[in-house]
Each structure stands twice: as C-alpha cells, then as structure tokens.
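Each remark here refers to the structure printed beneath this line.
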Amino acid sequence: MVLKLKDKWLYLKTRVFSRIFANSIFYLLYPILIFFPIKKNKIVVSNFNGKGYGDNAKYICNYLLEAKAPVDIVWLIDKHWVKENGGCPNSVRTVHVRSFQALFEMFTAKIWIDNCRKSFYPPKRANQFYIQTWHAGFTLKQIEKYVETKLPSRYVKTAKKDSQMCDLLLFETSNMIPDVQDTFWYEGETFRNGLPRNDLLVNYDKLIIEKVYSYFNIDSSKKIIMYAPTFRQEYDLEMNNELLSKIIQVYSKTFNQDAVMLIRLHPNDTVNKNRIIGEGLPAGMIDASSYDDMQELLCATDTLVTDYSSTLGEMLIMEKKCFIYAYDYEEYLKDRGLLMDFKELPFPFALTEKELLRSIKDFSASDYVKKVRDFKKEHNIYETGHASQDIGNRILLEMKK
Numbered sequence: 001m002v003l004k005l006k007d008k009w010l011y012l013k014t015r016v017f018s019r020i021f022a023n024s025i026f027y028l029l030y031p032i033l034i035f036f037p038i039k040k041n042k043i044v045v046s047n048f049n050g051k052g053y054g055d056n057a058k059y060i061c062n063y064l065l066e067a068k069a070p071v072d073i074v075w076l077i078d079k080h081w082v083k084e085n086g087g088c089p090n091s092v093r094t095v096h097v098r099s100f101q102a103l104f105e106m107f108t109a110k111i112w113i114d115n116c117r118k119s120f121y122p123p124k125r126a127n128q129f130y131i132q133t134w135h136a137g138f139t140l141k142q143i144e145k146y147v148e149t150k151l152p153s154r155y156v157k158t159a160k161k162d163s164q165m166c167d168l169l170l171f172e173t174s175n176m177i178p179d180v181q182d183t184f185w186y187e188g189e190t191f192r193n194g195l196p197r198n199d200l201l202v203n204y205d206k207l208i209i210e211k212v213y214s215y216f217n218i219d220s221s222k223k224i225i226m227y228a229p230t231f232r233q234e235y236d237l238e239m240n241n242e243l244l245s246k247i248i249q250v251y252s253k254t255f256n257q258d259a260v261m262l263i264r265l266h267p268n269d270t271v272n273k274n275r276i277i278g279e280g281l282p283a284g285m286i287d288a289s290s291y292d293d294m295q296e297l298l299c300a301t302d303t304l305v306t307d308y309s310s311t312l313g314e315m316l317i318m319e320k321k322c323f324i325y326a327y328d329y330e331e332y333l334k335d336r337g338l339l340m341d342f343k344e345l346p347f348p349f350a351l352t353e354k355e356l357l358r359s360i361k362d363f364s365a366s367d368y369v370k371k372v373r374d375f376k377k378e379h380n381i382y383e384t385g386h387a388s389q390d391i392g393n394r395i396l397l398e399m400k401k
C-alpha cells in the first residue's frame, strides 16, 4: 500500500511539473510560434490523456493508414507509464503528452482527436478542426450536465471550454440520451451513425481471436470469461478472487466448457492496479488491464461479467452472454446516478454472489437473444461497420479546406 501511494504521488508530481514547465516554455515563445503555419495533413491524437494506441482514434487512424492517405499522425503518450511507443504503428509518431513538443504539435496540426476532455492544450486556431470521440460507448450512467452539481466545478469549467472548442462530437446511436448537445453543453455538429471502434465488433474474424489467445498464451480449447468492472468515483472497487474462481467453476459446469478469466480494470483504476488485484491472481485468471485494445478483447470473449460499464453495449451488439453483478447498486445510484433501472436491461441481473452464480446456472440462450434483440430495436442500438471510414473521409475533406 505504501509503495502504491508513493507511485501515485510520483505520477501526480511528474504530471504537474511537466505541465507547468511545458506551458511556461510555450507561452514564452508564443510570439514566435504564432508564425508557424498549420500543417494541413497533421493529426494529433490523445487517448485517455496519454494511453497507447487504442479506442476510436485507433480505428480512424488505421483506416487512413490503410487507405495510404498522405497524413502525419502524432500520438500523445505518457512516456513515464506507457511502454515504448504505446503499440503505435511505425508510421505514427509518438510524443510525450505533457511536453512543449506536444503543445507545438497541437498548435501546428489541422486535426485534433481526443476521447476525454482536454485539459492540456495550446490556443485553438481558426482553421483547426477538433473531433471529440468520447470514451463511453453505451451510455447508461448519468454524465456531464445530468450530474453537473455532483461534478467538481473545475471539471465542469474544463468540459464547457472543451465543448466550445469542439467541431464534431461522436456519440452512440441509441436514444438513451435524447438531447446529446444539451448534455454536453455543446452547440456544434454530431455524428451518430456508429462508433469507429465498434466497426471491429461487426467485421472481426478469427485472426483477432487468435491474436488475443496468443498474447495471453490461452489454450484454444478454452473459452474466455472477462470481468470488467467500472470505475467508482467516491469509493474503491472491491474485487473478490474467491467469487471469480466460483464463476469460472459454475460456467464450466453449466456450459460444459473449460474457461479462463481475463480481469480488465477501468483505465482510471490502473494506477491502483496493484492494490486492487493484489500480489497475484489465482490460477485461471489473467490481468488484461494493460492490453491496448478493449474491442479486441471483447471479440475474443465468450462471456462478460460487469456492473455499470459501457461494455454492456458492445455485448448487445455482438449478442454475446453478459451478466451484471451490481453488489453496490444502491450506493452507486447515490454516487453516480443511472439513466434507467438496470433491472430493465436484457442481461441477467444480480445483487449478491448467490444470485450471480444462480443466473449463470439458469441461463437460457434463446430467451436471452430475444430480449437482447427486442431491447436493441426499442432503443435504436446498431452499428454500421463503416464509421471509421466515414470519419476518416471527413478528416480528409477538412484537410482540403
């Protein structure tokens, strides 16, 4: 625990110092930098404020690279915590996220792409185009303006400023949030015709599954169960290894299939991963928190166990087995708030360990698929499979302006 606190303090200290130093240098040189032109073919990407090659931006960039578009892609990574180049292709340049160079790259780029609210950036120039891809896919939790009074005032100020800068907001297709623009304090254009990262869920093949199995050295005869809990803002995530072992046992007996379990923590919980997961995981469990692409994991996953995570939406799209274990449901409702009663979702819902294990034992595939399809139809949940192409072509169009 002491080591974890030291790690967290070091992370915060280096982060704050880097920001202050980079900002100071940038604004000192601003009278000179203003004469540097915008490079029309440059795209600067930030994924979760410094994570590696992933989320929606990965699939947008992949489309552009595969189309051999003449683009200069810069990926901002936290080089204190991300190994090597963060999984970026060789044709993608990487720059430390909180650095003078990052500010310079953004200042001279035509396109900005981010999936979180920007808190470190230079002044946005008149001819720059900012795409906010947002990180949540299937919105069931109250977000942004819905919980404005619960959010830190500093975050609200940052979010409103971010929305003012934004030129295109990507959001899910569902009708869970009827007025997206109002929710995001946003008055600009929206794209609601599928998410780039979910193209893979529609179009994936066995090579993706083989890639995941090979990465974790999983026997091809075994199925993957993934446990992917969401982030708790006001209190800590609890992980019960004994229960997770029971889930594997009950699953194997119910479906007559050997299985392993991947543990996938929320990005905000990875800083505390050692405390949450502990010294090591029991046999049959693998930490997958550092794997760079959640969508690839979902493609290889047979069954998901989660709580309030937006990964529920991905399982809806693929119509795969999913079980909700909401052991802190009432507490989470008070802390965060939900857009609908989770008991109305088409997934088996459990408040206790006993209920969860029973729901796995009693699972009916035919009943489940019918509920999932009815829910998707009612709430307009779909994916086109070509959102990456749509956004990639839009970027190329903006570059010509």
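So in UniProt numbering, spot 396 of the sequence shown is number 396, and the numbers just go up one at a time. For glycine and all other residues, C-beta sits at the position ideal for the given N, C-alpha and C. In this text the structure is predicted, and so the values were computed from the model without any measurement.
Give me the Cα-Cα distance between residue i and residue j, rounded to the nearest whole angstrom.
i	j	result
Tyr155	Lys354	39 Å
Met340	Leu265	24 Å
Glu189	Leu169	6 Å
Arg358	Ala67	49 Å
Val74	Pro89	11 Å
Phe171	Tyr59	15 Å
Cys322	Gln295	15 Å
Phe363	Thr301	17 Å
Tyr235	Pro229	Its pLDDT being 46, under 50, Tyr235 is placed unreliably in this model, and the value from its coordinates should be taken loosely. Straight-line Cα distance between these residues: approximately 13 Å.
Leu140	Leu29	45 Å
Leu200	Pro152	35 Å
Asp31	Ser310	A quick correction: the sequence has Pro, not Asp, at residue 31. Taking the straight line joining both Cα atoms gives about 44 Å.
Glu105	Glu398	18 Å
Leu103	Ile324	42 Å
Leu243	Glu210	28 Å
Glu378	Phe349	20 Å
Asn380	Asn23	44 Å
Glu144	Lys376	24 Å
Ile286	Lys253	20 Å
Gln257	Ile317	24 Å
Lys83	Ser366	44 Å
Gln181	Phe255	44 Å
Asp179	Asn217	45 Å
If you drop the 5 nearest sequence neighbours on each side, which residues of the same chain put their C-beta closer than 6 Å to that of residue i?
i	result
His96	Lys79
Ser46	Leu76, Asp114
Asn241	Pro282
Lys118	Asp162
Phe129	Ile111, Asp167, Glu398
Ile395	Ile111
Met176	Thr139, Leu339
Arg192	Phe171, Thr173
Ala159	Arg117
Which same chain residues, not among the five before or five after residue i, have their C-beta less than 8 Å away from its C-beta?
i	result
Gly194	Thr173, Tyr382, Glu383, Thr384, Gly385, His386, Ala387, Asp390
Pro37	Thr108
Asp374	Pro346
Arg19	Arg98, Phe120
Ile247	Ile225, Tyr227, Met261, Val305, Leu356, Leu357, Ile360
Asp72	Lys39, Asn41, Lys42, Ile43, Arg93
Lys400	Lys40
Gly284	Ser245, Ile248, Ala259, Val260, Met261
Ala326	Asp307, Tyr308, Tyr332, Phe342, Phe349, Ala350, Leu351
Ser91	Leu65, Ile73
Keeping to the same chain, check which residues put their C-beta closer than 7 Å to that of residue i; ignore five residues upstream and five downstream.
i	result
Tyr251	Ile225, Ala259, Thr303, Ile360
Leu297	Val212, Met226, Leu262, Arg264, Ala288, Tyr291
Asn49	Val97, Cys116
Ser220	Tyr213
Ala69	Leu396
Measure the beta-carbon distance from residue i to residue j and round it to whole angstroms, keeping in mind my assumption that it falls under 8 Å.
i	j	result
Tyr215	Cys299	Going by Cβ atoms, the distance from Tyr215 to Cys299 rounds to 13 Å, so no, they are not a contact pair.
Tyr329	Leu351	6 Å
Val372	Glu319	5 Å
Gly52	Gly86	3 Å
Asn56	Arg197	5 Å
Gly337	Gln142	4 Å
Phe26	Pro122	6 Å
At a threshold of 7 Å, does residue i count as lining the ligand SAH (C-beta to nearest heavy atom)?
i	result
Phe171	This structure lacks the ligand SAH, and indeed carries no ligand of any kind.
(message) I want to know whether the stretch 323-336 touches the stretch 164-172 - three or more CB-CB distances under 8 Å.
(response) no
(message) Ignoring anything shorter than 3 residues, give me the beta strand (DSSP E) runs that lie fully in the stretch 79-137, in order along the chain.
(response) 93-96, 109-114, 129-132
(request) Pair every Cβ in the stretch 213-224 with every Cβ in the stretch 167-187, then say whether three or more of these pairs are closer than 8 Å. (result) no
(request) Any chance you could list the alpha helix (DSSP H) runs of at least 4 consecutive residues sitting entirely within the stretch 343-382, in chain order? (result) 353-361, 365-378
(request) Mind listing, in chain order, the continuous beta strand (DSSP E) runs of no fewer than 3 residues lying wholly within the stretch 39-85? (result) 39-46, 72-77
(message) Quick check on the DSSP output: what are the complete alpha helix (DSSP H) runs of length 4 or more inside the stretch 279-334, in order along the chain?
(response) 294-300, 311-318
(request) Entirely within the stretch 195-233 and at least 3 residues each: give me those beta strand (DSSP E) ranges in chain order. (result) 223-228
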